[in-house]
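In the numbering used here, the protein residues as written are 189 to 307.
From the three backbone atoms N, C-alpha and C, an ideal C-beta is built for every residue, glycine too.
Being a predicted model, the structure only gives us computed values, none of them experimental.
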């Protein structure tokens with residue numbers, strides 16, 4: 189299943205690094221009744237994602253929020269520790285929420301998984 193505008197977000201549990209450690213984020217609760225921009229990347233700390241993708245969303249976060257977006261999420265098939273460290277290194281705090289899809293369950297449910305063995 190590839191996700192399309194208007195589709196229901198699949199149920200999954202993502203992970204967010206907080207001051208109390210990794211915390212589960214249930215998609216059914218997180219997205220309900222909110223306007224959330226989600227962008228997914230092949231991996232944290234990869235050159236193009238670190239130099240262009242994530243910084244662009246951080247730079248334009250206020251513009252998105254000014255248009256009624258409640259939250260901006262960066263998603264990758266990484267654990268919460270990696271996503272948290274990458275977000276901190278990039279200055280994402282307060283602008284982009286870094287969520288890990290450790291097993292890729294959410295990514296697969298969206299039809300966005302791929303074979304990355306060549307990397």
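With a threshold of 16 other beta carbon atoms within 10 Å, residue 289 meets it and is buried. By the beta-carbon neighbour count (other beta carbons within 10 angstroms, threshold 16), residue 294 is buried.
Considered as a whole, the segment 234 to 306 harbours 242 to 247, 249 to 254, 268 to 278 and 293 to 297 as its complete alpha helix (DSSP H) runs of no fewer than 4 residues, in chain order. Contact between the segment 206 to 215 and the segment 247 to 259 is not established, with fewer than three Cβ pairs separated by less than 8 angstroms. In this structure residue 276 is not in contact with residue 260, their Cβ atoms being roughly 16 angstroms apart against a cut-off of 8 angstroms. Residue 285 counts as buried, since no fewer than 16 other beta carbons sit within 10 angstroms of its beta carbon.
Within a 10 Å sphere around the beta-carbon of residue 192 sit fewer than 16 other beta-carbons, which makes this residue exposed.
Straight across, the Cα-Cα distance linking residue 278 with residue 221 is about 29 angstroms.
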